[in-house]
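Counting in numbering that gives the first Met the number 0, the sequence shown runs from 0 upward without gaps. Every residue, glycine too, gets a C-beta built ideally from N, C-alpha and C. Okay, structure first, notes after.
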Amino acid sequence: MGVEIKESPVSDSDFEAMREFVFEYLAASVENESEGGRMRWYPWHSAEYRHNHILNVVDLAEAIAQKEGANEDVARVAALFHDIAKLETDQDVHAKRGAQITREYLETHTDYPASFVEQVCSAIESHNYAGDITDLPLETQALIEADLLDKIGANGITLMLLRMGYEARTHLDAADMVERVHRRGIDAAERIRTDTGESLAFQRIKRVRWFSEWLQEEVRNMEVSEDL
Ligand SMILES: [Fe+2]
């Protein structure tokens, strides 16, 4: 009977070196940007926000992979690199470009098996796949679900309220903006397929619903617009 040896090729110090590389890459992308080329005043165009988002996605992807029986190392390394090109390229090419940068890094800085590099890069390349995510390997599903989950829930609300400040909106727009986060959560839950991802999505949607109800209860004239 064949016994599968599951030894992690990724040490803590490897992972830390990769994390530093990703953060420095993001910071350099912002520095090299020509003035006003992007909406860089929005918080999610900063290297700090992107780095933090990436670390959240690493934790979520790892948790999903672990509970669903996927390869955790593939999921967490793919999550770590998935948005590396986000600040230097356009949205529609960032996944492909991110996979190229990752391949280059893994091939020159590590001795991981070729099949491991392949799985990681393929997960990154398809992380913006718009179809049914069960078409993809489980590690890629874990990454896509984790990426969706970080934009909903309490963190989704925080970013949306921050955005209101950047857009000079008033406090009374908050119910509508929180409702957008709620809808985004429902849309995300429709795409999510694993049981682990689904239960995390429901927990996050519930938090947003509570917040929305509390807000409308506490603040006079704080209502969700009819057309939303
Ligand atoms: Fe992402």
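Close CB contacts of N55 within its chain, under the 6 Å cut and outside five residues either way in sequence, are with D149 (chain order). In the three-state DSSP reduction, I83 falls in the coil class, being neither helix nor strand. At least one heavy atom of ligand 1 is found less than 8 Å from the C-beta of V56.
The three-state reading of DSSP puts H52 in helix, counting H, G and I together.
Going by beta carbons, L160 and N220 fall outside the 9 Å limit. Residue state for K95 is assigned as helix, using DSSP reduced to three classes. Sixteen is the threshold: since fewer than 16 other Cβ atoms of the shown chains lie within 10 Å of the Cβ of A153, the residue is exposed. Nearest Cα to I83 within the set F22, F115, A113 and Y41: F22. Taking non-hydrogen atoms of ligand 1 into account, the C-beta of I53 is found less than 8 Å away from one of them. Checking the 8 Å criterion, the Cβ of D89 is out of range of every heavy atom belonging to ligand 1.
Counting along the chain, Q140 sits inside the alpha helix (DSSP H) bounded by residues L137 to L148. Contact annotation: V57 and F115 have beta-carbon atoms that are not nearer than 9 Å. A98 places its beta carbon less than 9 Å from that of I123.
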